[in-house]
Amino acid sequence: MGASDMAADPDSTNSLGVFLERQADELGDDPFVSFDGERFSYDEVNRRANAIASTLRAGGTARGDVVCLYMYNCPEFLFTLFALAKLGAVAAPIDTRFSGDALAHVFSETDSDVVLIDDNTESAYDAVRNDPVSISSEFFVGQERATEPYRKFDSLYDGDESTPPDISVEPSDPCSVLYIQRYQRTHPQGVVLPHYSYLNTGRTSCNDLLELSDDDCIFTTLPLYSSYPMQIGVTGALVAGAEFAFEKQFDSDRFWDWIRQYDATVFLYLGRMLSVLYNQGERGEDNQNPALYALGHGFGYETDESMIASFERRFNITVLEAYGITPTATLATANDADNRRLGSVGSPTGDAHIKIVDENDWEVPTGETGEILVRPTEPNAMFQEFYQDAELTAGVCRNQWIHTNDIGYVDKDGYLYFVASKRNTIHLGRVAGRISSLEIESVIKSHPDISDVVVLGVTDSSGEEMIKAAVVPHERNTVSPITVSEHCEKQLTYHKLPRYIEIRDELPRSASGKIEKNLLRDTSSESTWDRKNGYELNR
């Protein structure tokens with residue numbers, strides 16, 4: 001850890017493919033990509049990307065064409081992404097939770113002729129591949145497919161690996177279109193990110209936050225279809241001349257073994273990953289690991305300050321909370337090791353301005369809660385548009401600011417405090433204001449007998465919003481509403497305690513995996529417990 005001469009500085013003239021070529025020339029056989037115990041050098045990643053680019057180009061893939069990557073984490077994902085970057089084509093990594101209408105929408109909107117799938121996504125893809133999807137080249141990663149329509153992924157290596165495509169790709173050219181479900185639309189929205197946004201975010205994480213060198217290794221189990229592991233992990237390592245190690249998916253039982261296996265000095269996290277790791281039984285070797293930093297977003301509530309401190313003591317690691325969304329190219333604010341404020345998600349990076357506004361976009365006073373707005377300090381550092389959706393682009397970017405749909409506030413020193421996404425907040429009136437449903441979920445989920453939970457706002461007969469928790473226990477009869485309520489009383493203030501609690505076998509989810517909260521708003525059913533009906537709080 002500590003910047004070295006190998007940490008290159010991507011300037012505004014570079015594209016992702018050109019920068020990989022440059023680092024491969026400099027670093028050669030140094031390890032770049034590691035997966036499932038297998039390592040690939042900078043030179044090998046570059047040569048494989050050249051070969052894939054050559055084959056795709058011969059098959060008709062041209063600058064600006066979209067290629068869909070619908071598969072779980074694997075090295076082939078990265079080789080293909082770099083190949084597309086060299087061609088000036090656009091990668092469309094698809095959330096592997098998408099299926100049905102959501103999946104068909106992505107294929108239809110991108111009008112892609114080429115798709116890569118694997119044995120985990122094959123059945124969902126087969127269900128939509130002809131309706132309305134019409135794709136001419138389908139490559140299968142993993143076990144061999146000898147019959148049509150699939151071609152073996154390895155056939156993409158038949159191209160020329162020694163020479164990059166003679167195509168000029170600009171920093172402002174689209175590098176990827178990432179489909180998210182953040183804004184109120186029927187279908188997922190495609191976020192177009194230019195080449196420079198990848199390199200710029202990589203530089204910020206490498207140089208400004210972590211001071212990475214070629215001795216470091218960034219590890220993650222986060223899915224590569226999201227911007228976070230790609231822009232911070234892959235390009236952060238690329239800029240530093242470091243190693244990027246990853247696995248197929250998160251496994252709390254194997255996580256620290258992977259950290260030791262790869263000798264990882266940094267790992268990336270999102271959501272409640274740290275809580276899951278912390279809630280495991282303590283082991284004697286917990287503090288014996290090479291990781292120095294955990295960088296991500298998942299805590300970020302003031303009540304989590306003690307949780308972060310406890311995590312750091314137990315695992316001998318420094319947690320750096322950050323904030324950003326896909327349209328802001330992953331990072332907008334971050335804590336760095338020298339200037340941390342626990343409970344916050346840091347101060348603005350050098351690439352971003354932020355402000356907090358009311359419902360009319362007027363800036364609110366310091367310390368007051370409102371929507372988080374972000375804009376870049378230089379061109380191409382953040383997203384360009386929503387793919388084929390000018391109306392949404394104009395709405396989200398109104399008044400020359402990116403509207404994140406997230407709620408937070410800024411303290412007098414400029415540190416941002418994340419409250420929740422608008423869709424994950426509950427408005428309890430003027431006295432209590434907006435509260436985070438995610439914070440309440442975190443407390444409930446910490447109960448050892450609870451498997452899953454969602455907290456939402458429901459309107460009572462007076463028109464006021466009340467808190468409801470839908471809870472899934474590990475075993476049906478082990479948890480009662482009173483058990484949940486008593487657990488919450490120990491950790492939450494009065495106004496954050498759920499009034500309604502429903503014990504369920506499972507939570508209703510859409511084809512993309514999103515919880516369908518509209519199906520949980522009923523409070524009159526026999527299965528829903530009401531705290532007002534005779535229960536007395538222990539206050």
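Just so we're aligned, residue 1 is where the sequence shown starts under full-length UniProt numbering, counting upward by one.
From the three backbone atoms N, C-alpha and C, an ideal C-beta is built for every residue, glycine too.
Values in this document were obtained by computation on a predicted structure and should not be read as measured data.
Terminal residues of the alpha helix (DSSP H) in which residue i lies
{"i": "His427", "result": "Segment Thr425 to His427 is the beta strand (DSSP E) holding His427; no alpha helix (DSSP H) there."}
{"i": "Lys514", "result": "Segment: none, Lys514 is in no alpha helix (DSSP H) and carries neither H nor E."}
{"i": "Val479", "result": "Run containing Val479: none; DSSP gives neither H nor E here."}
{"i": "Ser197", "result": "His195 to Arg203"}
{"i": "Ala394", "result": "Ala390 to Val396"}
{"i": "Phe19", "result": "Leu16 to Leu27"}
{"i": "Asp101", "result": "Gly100 to Thr110"}
{"i": "Asp126", "result": "Glu122 to Asp126"}
Rounded distance between the beta-carbons of residue j and residue i, thought under 8 Å
{"i": "Ser15", "j": "Asp166", "result": "Their Cβ separation, rounded to whole angstroms, is 14 Å, which puts Ser15 and Asp166 out of contact at 8 Å."}
{"i": "Leu116", "j": "Val141", "result": "6 Å"}
{"i": "Glu164", "j": "Gly17", "result": "According to the sequence displayed, residue 164 carries Pro and not Glu. Between Gly17 and Pro164 the Cβ distance is about 7 Å, and since that is below 8 Å, they are a contact."}
{"i": "Ala91", "j": "Val67", "result": "6 Å"}
{"i": "Thr326", "j": "Val191", "result": "5 Å"}
{"i": "Ser436", "j": "Val453", "result": "About 14 Å; that fails the 8 Å criterion."}
{"i": "Gln249", "j": "Thr221", "result": "6 Å"}
{"i": "Ser485", "j": "Tyr417", "result": "Not really, about 27 Å apart at Cβ, beyond 8 Å."}
{"i": "Phe267", "j": "Ala291", "result": "6 Å"}
{"i": "Phe219", "j": "Tyr262", "result": "5 Å"}
N-terminal and C-terminal residue of the beta strand (DSSP E) that residue i is part of
{"i": "Ser421", "result": "Leu416 to Ser421"}
{"i": "Arg375", "result": "Gly370 to Pro376"}
{"i": "Ile354", "result": "Ala352 to Val357"}
{"i": "Glu321", "result": "Thr318 to Tyr323"}
{"i": "Ile402", "result": "Ile402 to Val410"}
{"i": "Ala91", "result": "Val90 to Pro93"}
{"i": "Cys175", "result": "Pro174 to Ile180"}
{"i": "Trp362", "result": "From DSSP, Trp362 is part of no beta strand (DSSP E); its letter is neither H nor E."}
{"i": "Thr330", "result": "Segment: none, Thr330 is in no beta strand (DSSP E) and carries neither H nor E."}
{"i": "Asp530", "result": "Thr528 to Asp530"}
Residue(s) in a DSSP beta bridge with residue i
{"i": "residue 544", "result": "One cannot answer for residue 544 here, as it falls past the ends of the chain, which runs 1 to 539."}
{"i": "residue 560", "result": "This structure gives no information on residue 560, because the portion of the chain shown stretches from 1 to 539."}
{"i": "Thr220", "result": "Phe246"}
{"i": "Phe35", "result": "Glu38 and Phe246"}
{"i": "Leu116", "result": "Leu69 and Phe139"}
{"i": "Val472", "result": "Asp452"}
{"i": "Pro379", "result": "The partner list for Pro379 (beta bridge, DSSP) is empty, contrary to what the question assumes."}
{"i": "residue 586", "result": "Any answer about residue 586 is impossible in this case: the structure gives the chain only from 1 up to 539."}
{"i": "Val484", "result": "DSSP, once it has assigned bridges, lists no residue as partnering Val484."}
{"i": "Phe386", "result": "Val191"}
{"i": "Ser347", "result": "Ala334"}
Residue environment, residue i, which counts as buried when at least 16 other CB atoms sit within 10 Å
{"i": "His447", "result": "buried"}
{"i": "Pro473", "result": "buried"}
{"i": "Leu331", "result": "buried"}
{"i": "Gln189", "result": "buried"}
{"i": "Pro365", "result": "exposed"}
{"i": "Thr96", "result": "buried"}
{"i": "Tyr228", "result": "buried"}
{"i": "Pro194", "result": "buried"}
{"i": "Asp216", "result": "buried"}
{"i": "Gly343", "result": "buried"}
{"i": "Ala352", "result": "buried"}
{"i": "Ser527", "result": "exposed"}
{"i": "Gln400", "result": "exposed"}
{"i": "Pro75", "result": "buried"}
{"i": "Leu373", "result": "buried"}
{"i": "Thr377", "result": "exposed"}
{"i": "Glu391", "result": "exposed"}
{"i": "Glu502", "result": "buried"}
{"i": "Tyr301", "result": "Legend: pLDDT at Tyr301 = 48, less than 50; position of this residue unreliable, no value from coordinates given."}
{"i": "Glu368", "result": "exposed"}
{"i": "Thr80", "result": "buried"}
{"i": "Lys532", "result": "exposed"}
{"i": "Trp529", "result": "buried"}
{"i": "Gly236", "result": "buried"}
{"i": "His105", "result": "buried"}
{"i": "Ile482", "result": "exposed"}
{"i": "Ala337", "result": "exposed"}
{"i": "Glu148", "result": "exposed"}
{"i": "Ala51", "result": "buried"}
{"i": "Asp25", "result": "exposed"}
Any chain D beta carbon closer than 8 Å to residue i
{"i": "Ser137", "result": "Of the protein chains in this structure there is only one, and it is not chain D."}
Contained beta strand (DSSP E) runs [length at least 3] in the region 437 to 461, N- to C-terminal order | 450 to 459
Identify every run of the beta strand (DSSP E) within the region 222 to 309, keeping only runs that are complete inside it and at least 3 residues long; order them along the chain.
-> 243 to 246, 266 to 270 and 293 to 297
Kindly provide the ranges of any beta strand (DSSP E) runs that are 3 or more residues long and lie completely inside the region 131 to 172, ordered along the chain.
-> 137 to 141 and 150 to 152
Give, in chain order, every unbroken run of the beta strand (DSSP E) that is at least 3 residues long and sits entirely within the region 40 to 87.
-> 66 to 70
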